[in-house]
Structures are given as structure tokens and as C-alpha cells.
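FYI, full-length UniProt numbering numbers position 186 of the sequence shown as 186, with every residue one higher than the one before it.
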Amino acid sequence: MAKHEELPIPVFSSLEPVYGEGSQHEEAQLRFDNFKSKFVQVFGHAPHVFARSPGRVNLIGEHIDYEGYSVLPMAIRQDTIVAIRKHDEGEHEKGSQNRECLMISTVVYKGYYEYAKSKGVDVGEPVGLDILVDGTVPTAFVCSIAIIAIMAAFDDNFSKAISVMAKSGFAELIDFNPICATDVQLPAGGTFVIANSLAESQKAVTAATNYNNRVVECRLAAIVLGIKLGMKPQEAISNVKTLSDVEGLCISFASSRDSAVLDPVLAVKRASHVYSEAKRVHAFKDTVASDLSEEDKLKKLGDLMNESHYSCSVLYECSCPELEELVNICREHGALGARLTGAGWGGCAVALVKESIVPQFILNLKERFYQSRIEKGTINKNDIGLNVFASKPSSGAAIFKF
1 MAKHEELPIP VFSSLEPVYG EGSQHEEAQL RFDNFKSKFV QVFGHAPHVF
51 ARSPGRVNLI GEHIDYEGYS VLPMAIRQDT IVAIRKHDEG EHEKGSQNRE
101 CLMISTVVYK GYYEYAKSKG VDVGEPVGLD ILVDGTVPTA FVCSIAIIAI
151 MAAFDDNFSK AISVMAKSGF AELIDFNPIC ATDVQLPAGG TFVIANSLAE
201 SQKAVTAATN YNNRVVECRL AAIVLGIKLG MKPQEAISNV KTLSDVEGLC
251 ISFASSRDSA VLDPVLAVKR ASHVYSEAKR VHAFKDTVAS DLSEEDKLKK
301 LGDLMNESHY SCSVLYECSC PELEELVNIC REHGALGARL TGAGWGGCAV
351 ALVKESIVPQ FILNLKERFY QSRIEKGTIN KNDIGLNVFA SKPSSGAAIF
401 KF
């Protein structure tokens, strides 16, 4: 397994290095040709550069990155592409009567521009951009993908994004201190099916009661553990930021006792998830590298995914009824393992499935989960392919200059 801390964003003059050959390449070529024509139609000029960034799915390692632990995602074949043209000096933005395209003229730095200048970076003067975006990534994944693609085209220092680190055929074990990626080649005979629960997590509305609450609960759990394991209260409050900060104390405490009975309070549940999930991430990597048969590896990986979902659902409480239904249907129809992926409270599930049953597996999901939602008008029948699909690990972000 190769480790890499610096991975420049590749620049290609053709699509083959990313999309391969055959029908997949032909489909991509047609898509890029149509996309370029649309850009010219909207802006009156051809783009200077294209950038693409894949969607990403976390195979295991949920809600532990901000606690200092590793995660294990892979890039999927669905991606977002961005066509970009930088304005010439003195060029003014032009309005458009094409209401299919959103025309935005704004200047939003969010502090990055000023920060770069404060560090002595010659960022030059702001320039206008014409940007057109096209994506095949499910909406549950899409929020940051277009931003990553744009940054990939213009930021040479953006080489550490997980989306950039992805390599075709490999998942990536991502460590954060410092950030680096370790290639994890998955066993033959299996593939991953990503399915959208169609339950939308309203993060802007529920952040205070869901995601942000979990961060606070984990911080409190870390402080309580630190005090319980011998730290002075003020020391724990000042120095303990994440559960990984007190892991060593926990190990020492546990090894000095035959057993420990933990009260079923929220902090204990959250901490139990974080520690067990961190362990599962490395068990996932170790299983792939083991001497087990490919069949046994797949079974073990599936078991770890099932354990992860239980932990997310019961200990971290970040699932929802739609995800529970979807995960259960996946398992009933042959998935070796299935779990929620992403922040939870909606979004997608990922299932590990033997390649030989993928077509029938997806058909079963359509019949058992999506058909009733088509009938209710929750989803259009023509959009099913965007919401449930199979994918092997795909390549990362790239820049195209034709």
C-alpha cells in the first residue's frame, strides 16, 4: 500500500486517462462535446479549461474525522465537471437571456483572499470568470463537488483534498495529522452499490440538534473521560479537544481493571461509537491486506460495514427511518454488508455486493424501495439511475486542457 502526502492534480489533454476506453469513453466524449457547445451558447466563448471531481462515498469511518481518527472513502464514477473561462483584462460581465442558466455576479472572498495576502502570497487582482457546471453525482453528494472541481482548476496547493487523492481501483485510508492517503485495494469479486434514501437532511435547519450536537457531546465525553482517568478538571477543559486526545488514558484505565461497566448515557454512547468505529476502519484495511481468501475478505468487510451501521444508528443516533428501511432491504436481497454513509439523518446508503448479483440487486431495490416512492411522486421514474447505481473505486480530480 503506497502512501502519498503530496499528489499534484493531473492535467490531461484527452479523456482516456480518466474515463478509459470503449463505451465509457464514448459516453464521456459526447458529454464533454455537448457541454462545450452549451458553454459557447451561454457565454459566447469557448472555455479555457475543464475540471472534474468525482463523487465520494465513505465506506467506513463515520463521524470520527473531527475526533482525530482515520476514515476510508472511495471516489465513485459519477462526477461533476466544470467548464471555466477567465475574463480578459477589462472585460465586463454580460447578462444572459437564457433563464436555464443561473447568472451570478458577486465577489465573496470568505477571508481566503485577505489571508493569502497577509501571508505574502502574490494573489494578483480579482478577475471575472465564466463558469458552467454539469454533474451526474446524486444530490446527496453534490454540495462540495463543484467547489472542489473549480479549486482543482485554479489552486495548485489544493493537492491534499480527498477527491484528488483518489486512484482508480483503490479506496483510500485518509489520515489527518498530517493529512495523507494510503491506497487500499479492495478484493476481487465485489462492488459497491450506492442508493439514495431520498430523505433529505436539512443541515441548515437541524445542525444545532443533530450534527453540531454530536460534536459537542463528543467533546464533553472526552473531557469527562479525561477527568475520570486522572486529569484535573481545568487541565481537561483546556487541553482535551477530541476523543483521540484521551485514548491513551482510556487504554491504561481499561488494562488496570478486569472489566468496566459503563452507564448508558449519551456521552458514553457517542464515545463508544467513535472508538469502535476507529477500530473498524483499521480492521477494514487489515482485512484487505490479510491472507484470507477473496471470498472471506468480502464477508469480513461486509460484517464490518454492518457493525458500523449498527453503531451509527444505535450509539451515534444519526440514522433515520428511510435509511433503516433501505439498509434492511439491501441485506435482505444479498448485500454482504450495508450501512448509511455521510453525515446521516438522510442521504445515501452503501452496500457491498457480489458482482454476479448486481443487476438483480439493483432491480430488487427499485421494486422494494423506489417503486412506492415513484407512485407517490417523491421521485421521477427517469431519475432512478441517478439515485441507485453500482460503482467501483474511481479516479480523482483532474484538469483537462483540449
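Cβ coordinates follow ideal geometry from the N, Cα and C atoms, glycine included. Fair warning: this is a prediction, and the values are worked out from it, not measured in the lab.
Cβ pair residue i, residue j closer than 8 Å
i, j, result
"R52", "A398", "yes"
"G344", "C312", "yes"
"S163", "P54", "yes"
"residue 403", "L386", "Outside the displayed range of the chain (1 to 402) lies residue 403, so it cannot be described from this structure."
"G128", "K354", "no"
"N58", "T341", "yes"
"L304", "G334", "no"
"T378", "L198", "yes"
"K36", "A46", "yes"
"C348", "A195", "yes"
"S395", "A83", "no"
"E324", "F369", "no"
"V193", "I384", "no"
"F32", "L15", "yes"
"F284", "L301", "yes"
Assigned exposure category for residue i - 16 Cβ within 10 Å defines buried
i, result
"K119", "exposed"
"Y115", "exposed"
"A254", "Residue placement at A254 is flagged as unreliable, the pLDDT there being 43, under the threshold of 50; the coordinate-derived value follows with that caveat. Counting Cβ neighbours within 10 Å, A254 comes out exposed, since fewer than 16 surround it."
"Q360", "exposed"
"Q78", "buried"
"I179", "exposed"
"S124", "This sequence places Gly at residue 124; Ser is not what is there. G124 comes out exposed."
"V281", "buried"
"F402", "exposed"
"S105", "With a pLDDT of 49 at S105, under the threshold of 50, the modelled position of this residue cannot be trusted, and the question is left open."
"D286", "exposed"
"P138", "buried"
"L30", "exposed"
"D122", "exposed"
"E169", "It is worth fixing the name first, because residue 169 is Gly in this sequence and not Glu. Exposed, because fewer than 16 other Cβ atoms sit within 10 Å of the Cβ of G169."
"V314", "exposed"
"E26", "exposed"
"I9", "buried"
"K167", "buried"
"D130", "buried"
"F400", "buried"
Bridge partners - residue i, DSSP secondary structure assignment
i, result
"R31", "DSSP output for R31 lists no bridge partner at all."
"M74", "V57"
"D79", "P54"
"F284", "Answer is none; F284 lacks a bridge partner."
"L173", "T182"
"I399", "V11, A51"
"C348", "N196, T341"
"I64", "BP columns for I64 are empty, so no partner."
"G190", "K354"
Inter-residue CB distance, residue i and residue j (contact presumed, cutoff 8 Å)
i, j, result
"A278", "I64", "5 Å"
"P393", "V288", "12 Å between Cβ atoms; not a contact."
"G20", "F176", "Contact flag wrong, Cβ pair sits at about 31 Å."
"R339", "H309", "4 Å"
Alpha-carbon to alpha-carbon, residue j and residue i
i, j, result
"Q185", "M165", "14 Å"
"K86", "F12", "19 Å"
"K160", "E375", "With a pLDDT of only 39 at K160, under the threshold of 50, the placement of this residue in the model should not be trusted, and no figure is reported."
"Y66", "P73", "15 Å"
"V133", "V49", "12 Å"
"N364", "F43", "44 Å"
"E332", "Q41", "49 Å"
"A351", "C330", "7 Å"
"G22", "C320", "40 Å"
"S70", "D88", "44 Å"
"S276", "E62", "11 Å"
"E317", "E307", "14 Å"
"L266", "L173", "28 Å"
"K366", "E200", "19 Å"
"R56", "V388", "14 Å"
"H273", "E322", "21 Å"
"R373", "N380", "9 Å"
"residue 439", "K117", "The chain is shown from 1 up to 402; residue 439 falls before or after that span and cannot be answered."
"P126", "E91", "12 Å"
"V358", "D296", "19 Å"
"Q371", "V327", "16 Å"
"N382", "S356", "25 Å"
Contact with chain D by residue i, beta-carbon distance below 8 Å
i, result
"L301", "This model lacks chain D altogether; it includes just one protein chain."
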